[in-house]
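Here the structure is laid out as structure tokens; the discussion comes afterwards.
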Amino acid sequence: MAQERSETIGERIRERGVVNRTWSSSILGGLVGGIVFGLLLQSMGVLPTVAALYGLDGTTMGWVAHLFNSVVFGLVFGAVMTMTRLRAYADRPGPTAGIGVAYGIVLWVVAASFVMPFWLGAVGMTLAVPTFDVVSLVGHVVYGVLLGAVFAIAYRR
């Protein structure tokens, strides 16, 4: 009974280590990808529009909103990478960066091209739906490749 209990505690500790590693790797990857993508958004003057999604104004609040989104999408990526068959690639930067590219494209199609224009419409701004902007696609692909590569490198440590 005592040995059974200690094995259960040991298993829980190992599981929490994996969970914590997933969270930290996801957050780090999301931030790195988000910062690089954010520099592109700032150069285009788009960050105030990102702030408007949350009823906020200005470039600084656009950075806050953008990095928040980057971390949330990073956490979703980490969950998908570790809770599906993709787990076999979670600590391999090359394949995970490739998966990140696909993830970035999905984010661009779903979040940037459809959800964002509808959301901005809900807060009183107008934007064409869908909004298939090529520069936005490049930004999302860069975000995805960095998210994937950084996630895998951090996850393996």
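My numbering numbers the first residue of the sequence shown as 4 and each following residue consecutively. Beta carbons are placed, not taken as given, at the ideal position from N, Cα and C, and that holds for glycine.
Does DSSP put residue i in a helix, in a strand, or in coil?
i, result
"residue 4", "Since pLDDT at residue 4 reaches only 47, below the 50 mark, its modelled position is unreliable, and the value read off the structure follows with that caveat. Coil at residue 4, not helix or strand."
"residue 126", "coil"
"residue 22", "helix"
"residue 58", "coil"
"residue 68", "helix"
"residue 145", "helix"
"residue 47", "coil"
"residue 52", "helix"
"residue 134", "coil"
"residue 99", "helix"
"residue 87", "coil"
"residue 115", "helix"
"residue 93", "coil"
"residue 160", "coil"
"residue 151", "helix"
Measuring alpha carbon to alpha carbon, tell me which of the options ends up nearest residue i.
i, options, result
"residue 33", "80, 126, 142", "80"
"residue 156", "22, 77, 97, 48", "97"
"residue 161", "76, 138, 62", "The displayed coordinates of the chain run from 4 to 160. Any statement about residue 161 would go beyond what the structure contains."
"residue 26", "82, 89, 88, 61", "82"
Is the separation between the beta-carbon of residue i and that of residue j shorter than 8 Å?
i, j, result
"residue 144", "residue 107", "yes"
"residue 123", "residue 36", "no"
"residue 154", "residue 99", "yes"
"residue 158", "residue 24", "yes"
"residue 126", "residue 58", "yes"
"residue 139", "residue 111", "yes"
"residue 115", "residue 134", "yes"
"residue 142", "residue 78", "no"
Review point. For the stretch 39–56 against the stretch 82–95, are there 3 or more C-beta pairs whose distance is under 8 Å?
Key: no
**Study point:** Given 8 Å, three or more beta-carbon pairs between the stretch 55–69 and the stretch 25–32
**Key:** no
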